[in-house]
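Residue numbers (the working numbering), protein chains in the order written: chain A, 533 to 882; chain B, 533 to 882. A short write-up of the structure that comes next.
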């Protein structure tokens, strides 16, 4: 068998290896480190190629490619969204990603991204809260206790320093699942019967529910002065969680306005509804939290640059480790013009 | 270790396995079969989602994603183009592709596509020639003896029935390489010192040179009546091979006019230069070759649907064989809301 050269082999991180990597690094440490990569990329926001995502819609779902590049590396994520999958025992969302070298065009990493997306989403929320939440925040209300809830909680613990999470979900089984998973993780967990109970004493309100509809998870009179709202669940057209009145009282921070106006909570508002881009808060160009009375709101929808940061992180972290398998994915004839000769010689070798 | 379910595993065809598959099926048989898949997809051309390719340009090259869908399957190809790579011992073009199920959004095939692209390009040319070349064509001039030349020759042998190929390249070493690779393959090979000598007695003229410039590989007075020109090398902006006079005398057939007017030979012509879409010839809606005097010209640039056909073919052909490895690429928790629990249990299991 012909042995492919080093560059023809692409490191691949399987789901199993991603889980091993998380345990090897420690989930909180990994969330901190991924948040650091995202923060670094938000600081150099302007140099990114911000291509819109390329969506292929069908009656039952969507398949999207989300590419971006910083001029040195190029990354994309493949992600599907099929709400009906759950009832068929399949995942609503699956994802994988690829990083390539812009200078050669050669892929340098292929990785599962379902777990990695959960990690980067939580890391992004916590990074935003670090800039926007009241100083000394200790308590988070977690409204919606699905797949993202434990990751959000641990990221807010590791990066913002919360010590208590107050859980609420319309489905009690989800709250039980989340509480069970968080037991012994170093954060005090309170199961709540109503959203109001969950929000009691909380400085950070995280909403992350699953229904694809314009729901009112938080109504205007539920939200007091001074809190930070981390709104994660309003992330596609027709899916929002907050009453418009909250958005009017809050200062709203977003990733990429062009995308958030279509997919985020602010799809409810006028096209010129004022927002601040999070990257400008991080560089210091714009003010984040001004005072104790202000309601800050991160309207997070997930942006390609966060995936890019996560891909960069995994590339750096798996280099030279056992956490990647080498995939023979790129044909590599000795003479580039002699692809056919490579094919013929492989027959002789076999 | 947690065992992922069947659907979470994605069949992967490595370069090595693709070469084994070619030898297992036989290259001519495989070219015939791929051409059959492409022909089937050209017949149902109108139902495809024809998204433009998504390109990320840099000073030294381009990285592109080429997605398409027929409503049942979704495919995309990743392909780079870096002309300067050759001088650094790397491939100008590398490619891989993915096929997914539109109904679930789950990937069903990941495969190398450098070899596969070479095969589908040759299969497409031969399929076009089957409809457009003079009946009973026996001789092809192959102008440009690089990586695509052997594949073109064997596809024209297998699908159109040519028995002689006449080789010409400005680089004699390329001609020697091509002649060596084609020795004993059942086609008579003639090495020629000039393009004119290569075209002597040929009913099919294939141009496939590598220079990225507006070159005149064929000038007007070199091309006589009745031939079929298979123009493969004019495939990106600023790269053409034929004199405009030839295009004016010929009936020009293209894959997707919107793309060919930018990338093909017809980029030299006015925006309303008349062309016929190849798929309409294949369905019988339009006429291909009318008479013995007509010059037909296939201005091939390579279109996403051809990659899609090739991906469908590989998916069908590797099913249940040893030619695919199963990649653990999709996270698959028993309870979709319990991604975190899957992660925790993997720690216990390890």
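The beta carbon of each residue, even a glycine, is placed where N, CA and C say it ideally should be.
Reduced DSSP category for residue i - H, G, I as helix; E, B as strand; rest coil
i, result
"residue 760 of chain B", "strand"
"residue 615 of chain A", "helix"
"residue 787 of chain A", "coil"
"residue 572 of chain B", "helix"
"residue 877 of chain B", "helix"
"residue 810 of chain B", "helix"
"residue 704 of chain A", "helix"
"residue 736 of chain A", "strand"
"residue 709 of chain B", "helix"
"residue 545 of chain B", "strand"
"residue 865 of chain B", "coil"
"residue 609 of chain B", "strand"
"residue 830 of chain A", "strand"
"residue 694 of chain A", "coil"
"residue 715 of chain A", "coil"
"residue 640 of chain A", "strand"
"residue 883 of chain B", "Lying outside 533 to 882, the shown extent of chain B, residue 883 of chain B is not represented and no answer is given."
"residue 854 of chain A", "coil"
For residue i, the first and last residue of its enclosing alpha helix (DSSP H)
i, result
"residue 663 of chain A", "646-664"
"residue 846 of chain B", "836-850"
"residue 727 of chain A", "727-731"
"residue 777 of chain B", "776-781"
Span of the beta strand (DSSP E), counted from its first residue to its last, around residue i
i, result
"residue 720 of chain B", "720-723"
"residue 599 of chain B", "594-601"
"residue 858 of chain B", "857-860"
"residue 589 of chain B", "586-589"
"residue 685 of chain B", "No beta strand (DSSP E) holds residue 685 of chain B; the alpha helix (DSSP H) holding it covers 681-687."
"residue 672 of chain B", "671-675"
"residue 580 of chain A", "Neither: residue 580 of chain A is in no beta strand (DSSP E) and is coded neither H nor E."
"residue 802 of chain B", "No beta strand (DSSP E) contains residue 802 of chain B, which DSSP labels as neither H nor E."
"residue 632 of chain B", "627-633"
Close Cβ partners of residue i (< 7 angstroms) along its chain, the five nearest in sequence each way excluded
i, result
"residue 582 of chain A", "600 and 788"
"residue 608 of chain A", "597, 598, 599, 629 and 630"
"residue 791 of chain A", "833 and 835"
"residue 624 of chain A", "613, 614, 615, 617 and 618"
"residue 633 of chain A", "605 and 640"
"residue 751 of chain B", "775"
Length of the line joining the Cα atoms of residue i and residue j
i, j, result
"residue 777 of chain A", "residue 835 of chain A", "26 angstroms"
"residue 733 of chain A", "residue 698 of chain A", "9 angstroms"
"residue 809 of chain A", "residue 784 of chain A", "9 angstroms"
"residue 690 of chain A", "residue 848 of chain A", "21 angstroms"
"residue 685 of chain B", "residue 873 of chain B", "56 angstroms"
"residue 654 of chain B", "residue 593 of chain A", "35 angstroms"
"residue 772 of chain A", "residue 765 of chain A", "7 angstroms"
"residue 558 of chain B", "residue 842 of chain B", "16 angstroms"
"residue 621 of chain B", "residue 636 of chain A", "11 angstroms"
"residue 871 of chain A", "residue 644 of chain A", "30 angstroms"
"residue 566 of chain A", "residue 715 of chain B", "56 angstroms"
"residue 793 of chain B", "residue 587 of chain A", "25 angstroms"
"residue 666 of chain A", "residue 727 of chain A", "21 angstroms"
"residue 757 of chain A", "residue 717 of chain A", "30 angstroms"
Other residues of its chain near residue i: CB distance less than 8 angstroms, five sequence neighbours each side excluded
i, result
"residue 670 of chain A", "693, 694, 695, 696 and 735"
"residue 476 of chain A", "Summary: the structure shown does not reach residue 476 of chain A, with chain A confined to residues 533 through 882, and so no result is reported for it."
"residue 868 of chain A", "none"
"residue 575 of chain B", "811, 814 and 815"
"residue 661 of chain A", "669, 688, 691, 692, 736, 760, 762 and 830"
"residue 719 of chain A", "685, 686, 689, 694, 695, 696 and 697"
"residue 552 of chain A", "855"
Cβ neighbours of residue i in the same chain (closer than 6 angstroms, five flanking residues each side left out)
i, result
"residue 723 of chain A", "699, 707 and 711"
"residue 673 of chain A", "698, 730, 731, 734 and 737"
"residue 840 of chain A", "600 and 607"
"residue 749 of chain B", "675, 739, 741 and 773"
Worksheet item: Between the segment 848-870 of chain A and chain B, which residues of the former have CB atoms less than 8 angstroms from a CB of the latter, in chain order?
Response: 859, 860, 861, 862, 863, 864, 865, 867, 868, 869 and 870
Practice prompt. Output, in sequence order along the chain, the residues in the segment 576-601 of chain B whose CB is closer than 8 angstroms to any CB in chain A.
Written response: 581, 583, 586, 588, 590, 592, 593, 594, 595, 597, 599 and 601
Item to complete: Would you list, in chain order, the members of the segment 668-696 of chain A that have their beta-carbon closer than 7 angstroms to a beta-carbon of chain B?
Response: 678, 679, 682 and 683
Worksheet item: the segment 701-732 of chain A: which residues have C-beta closer than 7 angstroms to a C-beta of chain B, in chain order?
Response: 706, 709 and 713
Worksheet item: Which residues, in chain order, does the segment 547-570 of chain B contribute to contact with chain A at a C-beta distance below 9 angstroms?
Response: 547, 548, 549, 550, 551, 552, 554, 555 and 559
Worksheet item: Using a Cβ cut-off of 7 angstroms, which residues of the segment 641-665 of chain A contact any Cβ in chain B, in chain order?
Response: 644, 646, 647 and 650
Discussion item. For the segment 602-616 of chain B, list every residue whose C-beta sits within 8 angstroms of some C-beta in chain A, in sequence order.
Written reply: 603, 606, 608, 610, 612, 613 and 614
Worksheet item: Taking a cut of 7 angstroms between CB atoms, which residues from the segment 756-777 of chain A lie near chain B?
Response: none
Worksheet item: Going along the chain, which residues of the segment 870-881 of chain A sit with their C-beta nearer than 8 angstroms to a C-beta in chain B?
Response: 870, 871, 872, 873, 874, 875, 876, 878 and 879
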